[in-house]
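Just so we're aligned: 2 in full-length UniProt numbering is position 2 of the sequence shown, and the numbers increase by one with no gaps anywhere. Glycine residues also receive a C-beta, built at the ideal position from the N, C-alpha and C atoms. For reference, the structure discussed in these notes is given below.
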Amino acid sequence: MANGIGFFEKYLSVWVFFCIVFGILLGNFIP
1 MANGIGFFEK YLSVWVFFCI VFGILLGNFI P
């Protein structure tokens, strides 16, 4: 169970990073 939580935590960080990059790209394409 702890392993699953650790994996989810790592994945969550990746998702946050992706959201930030996606938001920046979207802001550049759509004024």
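Distance between residue j and residue i (C-alpha atoms, nearest Å)
i	j	result
Y11	F17	10 Å
C19	F7	18 Å
P31	N3	42 Å
S13	F22	14 Å
N28	I5	35 Å
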